[in-house]
Amino acid sequence: MGTAGDPTPFEAAAVLTLRAAPELAGTEEVERAFAPALAVPPGTPVVVDLSAVTFLTLEAVVPLLALVERCAAEGKALLIVASAYVRRKWALLGLDPVIPLQPVG
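Sequential numbering from 1 applies to the sequence shown in the working numbering.
(1) Going along the chain, which residues of its own chain have a beta-carbon closer than 7 angstroms to the beta-carbon of L101, five neighbours each way excluded?
(2) Skipping 5 residues on each side, what residues in its chain have a beta carbon closer than 7 angstroms to that of R70?
(3) What number of angstroms, rounded off, separates the C-alpha of L65 from the C-alpha of E31?
(4) Identify which residue in V46, E59, L78 and L16 has its Cα closest to the Cα of A33.
(5) Could you say which of A84, E74, G105 and V61 lies nearest to V98 if we only look at CA atoms?
(6) Using DSSP bridges, identify the partner residues of V47.
(7) What would DSSP say about P36, mapped onto helix, strand or coil?
This is how it looks when you write it as structure tokens:
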């Protein structure tokens, strides 16, 4: 940990905010939506903000998992902030122990 006033790892992060259902409707849409997160330099933390998402298809889950794997492989810290809906769906799929999602707030 740094001293007071030092930036936290996520203050200098690339932040990707997804709000609309069409962005998360299918695999291709999600891959396009995540492209900016994949383009940040290795070592740069990435925050994916799904706090306003109220619908998440199963087709959107695979690219999200791929993003998690790619960030890990490239040494990018990844924080996914998710709405209650997204966290519930994640838990129903049994993915919460694998990839924890952060609650809003």
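We treat Cβ as the ideally placed atom computed from N, Cα and C, and that holds for glycine.
So, to answer that:
(1) I80, A82, V86, R87 and W90, listed in sequence order.
(2) Cβ within range, chain order: L38.
(3) Using only the alpha carbons, I get a separation of about 11 angstroms.
(4) Scanning V46, E59, L78 and L16 for the CA closest to the CA of A33 turns up L16.
(5) With distances taken between Cα atoms, V98 lies closest to V61.
(6) The beta-bridge partner set that DSSP reports for V47 consists of V15 and L79.
(7) Reduced to three states, the DSSP call for P36 is helix.
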